[in-house]
Amino acid sequence: TALNSRHGKRHGKKSRSRCSKKALHVNFKDLGWDDWIIAPLDYEAYHCEGVCDFPLRSHLEPTNHAIIQTLMNSMDPGSTPPSCCVPTKLSPISILYIDSGNNVVYKQYEDMVVEQCGCR
Amino acid sequence: FHSAAILTPSVPRRNKGTRVLYDGQESPKFLKEIFASSQSQSHQQDDFKDAIIPHDYMLSIYRTYSAAEKLGLNASFFRSSKSANTITSFVDRGKDDLLHSPLRRQKYLFDVSALSDKEELVGAELRIFRKVPGDFQTAQTGLYGIQILSCRSERLLDSRSLDLQDAQKPGWEVLDVWEMFKNRHHSSQGGRLCVQLRATLGKTETEIDLKHLGFDRNDRAQQEKAILVVFTRSKKRENLFNEMKEKIKSRGSRTKEEDDSLQFKARRRRR
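Keeping their order, the protein sequence lines are chains C and A.
Throughout the first sequence, residue numbering follows our numbering, covering 837 to 956 in sequence.
Throughout the second sequence, residue numbering follows our numbering, covering 1043 to 1313 in sequence.
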């Protein structure tokens, strides 16, 4: 029974990977934003996906709250949801666009690319 | 101008036309408005975008700073950026008065109403393209002074010398006009900015014909028009959707009839 249970658990874990950075290619043309964004037309934004389960790895830089929440979830999944896998470090990108006055503008937009994911 | 020409080619479209977010969630109302607006006006907006040609200087700024970003460098560290994270170019709307010849003074007009009061101004420069004058003679040499003055008070903003021996190649003259913006609330002055150019011979006060130095506006391509480049720093983190909202607001009143003249529409929107 113990073997089955452990196997079952492992199988459950395998169905969804641990919290990590995944690809997310953004194409401004597909968003319909290419009428005002001159460049870039697309970029790699990434996204965070995966489970935040016990024990949380240090590279996920969990907050103390996330550690407590994860621990409570591991003890009683019905009472508390797992902590969230979210971006913990983001970087900017440069965008060249046309503003409402028809002027060409260069702007560095913060928080556009996921650099790191973690549990919060 | 096609932006794709200066960039790496985009990847093939994925989920073309998909308007559903992850996990089947419906996009919020605000996003729906954006998408609806984008779709219904896409054809008109393609024409609109094609009508605006970025100056090489702006493309160069974009290329340089985005390349630096990829190397992990912050663009605001560049001296040329003046610690700004936003650089806006305003194209000259002035016209030469053909009735007045010689051309002693030249007024440069800019509509800076799109500048936000929420942003901190950190620099402004006027970039004027100087052509090789048609009647330029190699024998014509000497040192000239060019000065930029405010239209209203005629206060000197910046000056520089121009050696005609080096003037056989066209190029951009860059003058610092930040003085105009200091203690200035652009929106409260109708968003108009006017500066005037004059040129003198040597250190004399004799004003000379600007046409002889290649500053006349005849037969200029869009990308050769003077630009006012304003460097600003956002006081808080910019929300990308605010730009989109502005675009929708500014184009909301557009109709097909209005598309006859893009310039006319732009003027009307500003009014």
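Yeah, the Cβ is synthetic: ideal placement off N, Cα and C, and Gly gets one too.
### Task
Can you give me, in chain order, the residues of the segment 1124-1156 of chain A that have a beta carbon less than 7 Å from any beta carbon in chain D?
In summary, chain D is missing from the structure at hand, where the protein chains are C and A.
- Item | Cβ neighbour criterion (16 or more within 10 Å) applied to A:Met1100 | To locate residue 1100 of chain A, count along the second sequence from 1; it is residue 58. Under this definition A:Met1100 is a buried residue.
DSSP three-state call for A:Trp1220: helix, strand or coil? Numbered from its first residue, the second sequence carries residue 1220 of chain A at position 178. Note: A:Trp1220 maps to helix in three-state DSSP.
Are there 16 or more other CB atoms within 10 angstroms of the CB of A:Leu1140, so buried, or fewer, so exposed?
Here residue 1140 of chain A corresponds to residue number 98 of the second sequence, with the count starting at 1. It counts as exposed.
- Message: Just to confirm, is the Cβ distance from A:Ile1129 to A:Ile1103 under 8 Å?
- Response: Here the question's residue 1129 of chain A lines up with position 87 in the second sequence. Here the question's residue 1103 of chain A lines up with position 61 in the second sequence. Yes. Within cutoff.
#### Entry: A:Glu1167 at chain C interface by Cβ criterion, 8 Å
For this step, residue 1167 of chain A is matched to residue 125 along the second sequence. No, A:Glu1167 lies away from the interface with chain C (no Cβ there is under 8 Å from its Cβ).
For A:Gly1165, which option in A:Glu1266, A:His1097, A:Val1219 and A:Arg1105 has the closest C-alpha, if you only look at C-alpha atoms? Taking the second sequence and counting its residues from 1, one reaches residue 1165 of chain A at position 123. When only C-alpha atoms are compared, the closest one is A:Val1219.
- Quick one: grab the DSSP three-state call for A:Ala1241. Residue numbering aside, residue 1241 of chain A sits at position 199 when the second sequence is read from its first letter. In this structure, A:Ala1241 counts as strand in the three-state DSSP scheme.
#### Entry: Which listed residue (A:Leu1163, A:Ala1263, A:Pro1144 and A:Arg1194) has its alpha carbon closest to that of A:Ser1125
On the second sequence, position 83 is the one that residue 1125 of chain A refers to. With distances taken between Cα atoms, A:Ser1125 lies closest to A:Leu1163.
Item to check | Strand pairing of C:Tyr832, partner residues [DSSP] | outcome: Chain C is shown from 837 up to 956; residue 832 of chain C falls before or after that span and cannot be answered.
### Message
Please report the straight-line C-alpha distance between A:Asp1138 and C:Glu885, rounded to a whole angstrom.
### Response
For this step, residue 1138 of chain A is matched to residue 96 along the second sequence. For this step, residue 885 of chain C is matched to residue 49 along the first sequence. If I take the Cα positions, the gap works out to 60 Å.
Query raised in the report: Thinking C-beta only, is C:Tyr945 closer than 8 Å to C:Pro917?
Result: Start at 1 with the first residue of the first sequence, and residue 917 of chain C comes out as number 81. Start at 1 with the first residue of the first sequence, and residue 945 of chain C comes out as number 109. Result no, Cβ atoms of C:Pro917 and C:Tyr945 do not sit closer than 8 Å.
*Are the beta-carbon atoms belonging to A:Val1154 and A:Gly1233 less than 8 Å from one another?*
Here residue 1154 of chain A corresponds to residue number 112 of the second sequence, with the count starting at 1. Here residue 1233 of chain A corresponds to residue number 191 of the second sequence, with the count starting at 1. Yes, these two residues count as a Cβ contact at 8 Å.
Within 8 Å (strictly less), CB to CB, does C:Lys943 reach chain A?
Counting from one through the first sequence, the residue named residue 943 of chain C turns up at place 107. Closer than 8 Å to some Cβ of chain A, the Cβ of C:Lys943 qualifies, so yes.
Helix, strand or coil for C:Ile904 per DSSP? Position 68 of the first sequence, counted from the start, is the residue given in the question as residue 904 of chain C. C:Ile904: helix per DSSP, three-state reduction.
- Counting only beta-carbon atoms, is A:Glu1111 nearer than 8 Å to chain C? If you number the second sequence from 1, residue 1111 of chain A lands on position 69. Output row for A:Glu1111: interface = yes.
Next item on the list: May I ask which residues mark the beginning and end of the alpha helix (DSSP H) holding A:Ser1316?
Entry: An answer regarding residue 1316 of chain A cannot be provided, because it is not within the stretch 1043 to 1313 covered by chain A.
Requested in this report: Verify the CB distance criterion: does C:Leu932 have a CB-CB separation below 8 Å to chain A?
Outcome: By one-based count along the first sequence, residue 932 of chain C stands at place 96. With 8 Å as the cut-off, C:Leu932 counts as an interface residue toward chain A.
In whole angstroms, give me the CA-to-CA distance for A:Lys1267 and A:Arg1259.
Taking the first residue of the second sequence as position 1, residue 1267 of chain A is located at position 225. Taking the first residue of the second sequence as position 1, residue 1259 of chain A is located at position 217. Going from the Cα of A:Lys1267 to the Cα of A:Arg1259 covers about 8 Å.
Tell me the rounded alpha-carbon separation between C:Cys855 and C:Phe890. Here residue 855 of chain C corresponds to residue number 19 of the first sequence, with the count starting at 1. Here residue 890 of chain C corresponds to residue number 54 of the first sequence, with the count starting at 1. Each residue's alpha carbon lies about 12 Å from the other.
Helix, strand or coil at A:Ile1094 according to DSSP, with G and I counted as helix
As a working mapping, residue 1094 of chain A is identified with position 52 in the second sequence. It is coil, neither helix nor strand.
Report task. Provide the residue(s) that pair with C:Ala875 in DSSP beta bridges, ordered along the chain. Result -> Indexing the first sequence from 1 puts residue 875 of chain C at position 39. Partner(s): C:Leu932.
task: Measuring only between beta-carbons, confirm whether A:Met1222 sits less than 8 Å from chain C.
output: Within the second sequence, numbered from 1, the residue matching residue 1222 of chain A stands at position 180. It does not; no Cβ of chain C falls within 8 Å.
Does any CB atom of chain C fall closer than 8 Å to the CB of A:Val1237? Residue numbering aside, residue 1237 of chain A sits at position 195 when the second sequence is read from its first letter. With 8 Å as the cut-off, A:Val1237 does not count as an interface residue toward chain C.
For the alpha helix (DSSP H) that C:Phe864 lies in, which residues bound it at each end?
Walking along the first sequence from the start, residue 864 of chain C turns up at place 28. Run containing C:Phe864: Phe864 to Leu867, per the alpha helix (DSSP H) assignment.
Practice item. Drop a sphere of 10 angstroms on the beta-carbon of A:Thr1248, count the other beta-carbons inside from all chains shown, and report buried for 16 or more, exposed for fewer. Key: The count along the second sequence starts at 1 and reaches residue 1248 of chain A at position 206. A:Thr1248 comes out exposed.
**Request:** Drop a sphere of 10 angstroms on the beta-carbon of A:Ile1076, count the other beta-carbons inside from all chains shown, and report buried for 16 or more, exposed for fewer.
**Result:** Your numbering for residue 1076 of chain A matches position 34 in the second sequence. In this prediction, A:Ile1076 scores a pLDDT of 45, lower than 50, which makes its location untrustworthy; the coordinate-derived value is nonetheless stated afterwards. Result: buried.
Segment limits, beta strand (DSSP E) that includes C:Gln944
Taking the first residue of the first sequence as position 1, residue 944 of chain C is located at position 108. Note, C:Gln944: beta strand (DSSP E), Val940 to Cys955.
**Report entry** Best match in A:Val1272, A:Lys1224 and A:Leu1243 for proximity to A:Gly1184 [C-alpha to C-alpha]
**Finding:** Numbered from its first residue, the second sequence carries residue 1184 of chain A at position 142. Selected option, being the one with the closest Cα: A:Leu1243.
Note to self: If I measure Cβ to Cβ from A:Pro1212 and keep anything under 8 Å in the same chain, skipping five residues before and after, which residues do I get?
What the structure shows: In the second sequence, counting from the first residue as 1, residue 1212 of chain A sits at position 170. Excluding residues within five positions, the ones whose Cβ falls inside 8 Å are Phe1171, Arg1172, Lys1173, Val1174 and Gly1256.
Quiz item: Among A:Gln1207, A:Cys1193 and A:Phe1223, which has the Cα closest to the Cα of A:Arg1147?
Solution: If you number the second sequence from 1, residue 1147 of chain A lands on position 105. For the residues A:Gln1207, A:Cys1193 and A:Phe1223, the minimum Cα distance to A:Arg1147 belongs to A:Cys1193.
At a Cβ threshold of 8 Å, is A:Tyr1332 touching chain C? Summary: the structure shown does not reach residue 1332 of chain A, with chain A confined to residues 1043 through 1313, and so no result is reported for it.
_Please report whether the beta-carbon of C:Pro891 lies at a distance below 8 Å from any beta-carbon of chain A._
The sequence position of residue 891 of chain C within the first sequence is 55, counting from 1. Output row for C:Pro891: interface = no.
| Delimiting residues of the beta strand (DSSP E) encompassing A:Phe1171 | For this step, residue 1171 of chain A is matched to residue 129 along the second sequence. That run of the beta strand (DSSP E) goes Glu1161 to Arg1172.
Open item on the list: When you compare the CB of A:Ser1192 with every CB in chain C, is at least one pair closer than 8 Å?
Closed with: Along the second sequence, read from residue 1 onward, the residue named residue 1192 of chain A stands at position 150. Closer than 8 Å: no.
* What three-state label does DSSP hand A:Gln1210 in the structure shown? -> The residue given as residue 1210 of chain A occupies position 168 in the second sequence. Reduced to three states, the DSSP call for A:Gln1210 is coil.
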